[in-house]
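Residue numbering for the sequence shown follows the UniProt record's numbering, beginning at 1 and increasing consecutively.
All C-beta atoms in this analysis are idealised placements derived from N, C-alpha and C, irrespective of residue type, glycine included.
Here's the structure we're looking at; comments come further down.
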Amino acid sequence: MLVTLDTITAAAARIEGRIVRTPLLMSKTLSEITGAEVWVKFENFQFTAAFKERGALNKLLLLTETEQRNGVIAMSAGNHAQGVAYHAARLNIPATIVMPLGTPFTKVEHTRKHGARVILHGESLSEATTFAYQLKDREGLTFVHPYDDADVISGQGTIGIEMLQDAPHLETLVVPIGGGGLIGGIAVAARAMKNDIELVGVQTRMFPSMQAELAGKEPGPLCGGQTIAEGIAVKQAGRLGLEIAKELVRDVLLVDEDDLEQAITLFCNVEKTVAEGAGAAGLAALLAYPERFSGKKVGIVLCGGNIDSRLLASVLTRALVREKRIVSLRIVGDDRPGLLALVSKIIGDLGGNILEVAHNRLALDVPAKGAEFDILMETRDLRHTQEIIDALIASGYPPRSI
């Protein structure tokens, strides 16, 4: 194999002191929730908030003087772009990053701030990749692949070394899979250090590319959709990662969007840390398959924390709705002065907080002398919500949830 414990150990020595040796911590609360003994590797503590720095830096440090002088090019709309740009700037290597035209502005600007030349081209990742290879040949640049490169995979594998150095008793490692570089490197390192350790991959159900190929299926037709875990939304895994997974990965589990949202919320509320969708995939697997990991000592990789602030706010708000801490009630009553005040007083006296009120007199399913109120309110929990609903019913204004 092109990736071995020796190449990963060499990568660890090469990048030492240039990246953050992130903490691996046991979470008592997540362990209680999942039924496993959960250890979290906080790769969102890297400067660019993602593990991608490791592989990018290892690759850059292995370039010849001529290759460094000529510069590098990468195609990425996310964490790999920032990892390459950041470390290329620190090493005084010219870097060009090709991004699809639809890349969010914040990611473009963050990459530019690291000193890279950013070129927006193509409507899709495949179009941007094709253009990047054309530019590589035209300008004599070295392509830094995000996952299908032995040097990059060796860099990512340093996470596996650190996890087993810090917690040698771990029985299972649960790792997100996009292109397969992360799990490929970790699997080689972990299995070489501890032969009986179990490697489990995680993909979103919308992009089961690695799982499909391991089962002998064509991944393309199975992949597509708007997933919150865009960092692992890869239609075809890298060939190197796939070959490693065939030999060393026990299983690949699929998680739904609800599982990912719950995991992001738990990282925020329990660990007080930010996880992007892909970064939360490991925890999502523990939540979705509790019987699979019950009683085991499990290490998960929080591989990135670059999530749009508006998306994070939406995820956290949706969690409140799921927990019935934010609920929308519809009340139909007489259209008379003071009705809204009366309903508001019932809710307020019981400690509910009204967020929004919509007053509709023109709905055709409401009597002509009636009025319809849609009240969005915040409560402590489901029990508190039910107390308020019971009080409204007792007062003659039975609501219905909408």
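Check	Outcome
For M75, which residues does DSSP report across the bridge?	V98
Report the three-state DSSP secondary structure of T273 (helix, strand or coil).	coil
How far does the beta strand (DSSP E) with R117 in it reach, from first residue to last?	117-120
The beta strand (DSSP E) that contains E378, what's its start and end?	370-378
Enumerated in chain order, which unbroken segments of the beta strand (DSSP E) with a length of 3 residues or greater are wholly contained in the region 121-178?	172-176
For V252, which residues from the same chain have a beta carbon less than 8 Å from its beta carbon, with the 5 sequence-adjacent residues on both sides left out?	I177, V200, G201, V202, Q203, P208, M210, Q211, L214, A245
Are G160 and A11 closer than 9 Å when you measure CB to CB?	no
Looking at the unbroken beta strand (DSSP E) that takes in Q203, where does it start and where does it end?	198-204
Ends of the alpha helix (DSSP H) at D6?	5-15
Could you tell me the alpha carbon to alpha carbon distance between E356 and Q134, rounded to whole angstroms?	54 Å
Does the separation of the CB atoms of G220 and E139 fall below 9 Å?	no
Report the rounded CA-to-CA distance for G231 versus V20, giving the unit in angstroms.	21 Å
If we count the other Cβ atoms within 10 Å of its Cβ and call it buried at 16 or more, is R54 buried or exposed?	buried
Here's the rule: buried if 16 or more other CB atoms are within 10 angstroms of the residue's CB, otherwise exposed. What is E123?	exposed
What's the gap between the Cα of Y86 and the Cα of H110?	10 Å
Just verifying my parser: in three-state terms, what is the DSSP assignment at I244?	helix
Just to confirm, are P100 and E127 a CB contact at a threshold of 9 Å?	yes
If you compare alpha carbons, which of G279, R380, A371, I331 is closest to N353?	R380
Would you mind sorting I300 into buried or exposed? The rule is 16 or more other CB atoms within 10 Å of its CB.	buried
Cα separation between A284 and V255?	7 Å
Residues bridged to K296 by DSSP?	Answer is none; K296 lacks a bridge partner.
Checking 9 Å against the spacing of the C-beta atoms, do G179 and P146 come in under that value?	yes
Rounded to whole angstroms, what is the Cα-Cα separation between V274 and T227?	18 Å
H359 bridges to which residues according to DSSP?	F373
Whole angstroms is fine: what's the gap from V175's alpha carbon to E247's?	16 Å
Are the beta-carbon atoms belonging to N269 and S154 less than 9 Å from one another?	no
Give me whichever residues DSSP pairs with A50 in a beta bridge.	G304
Which one of G295, H359, K52, A237 has the shortest CA to CA distance from E218?	A237
Residue 415: which of G83, E65, Y397 sits nearest, CA to CA?	There is no way to answer for residue 415, as the model of the chain reaches only from 1 to 402.
Can you tell me where the alpha helix (DSSP H) with S395 in it begins and where it stops?	Element bounds for S395: n/a, residue is neither H nor E.
Work out the CA separation of L61 and K136 for me, nearest whole Å.	19 Å
Return the first residue and the last residue of the alpha helix (DSSP H) that E218 is part of.	Neither: E218 is in no alpha helix (DSSP H) and is coded neither H nor E.
Return the residue from the list E271, V321, E291, R310 that minimises the CA-CA distance to F45.	E271
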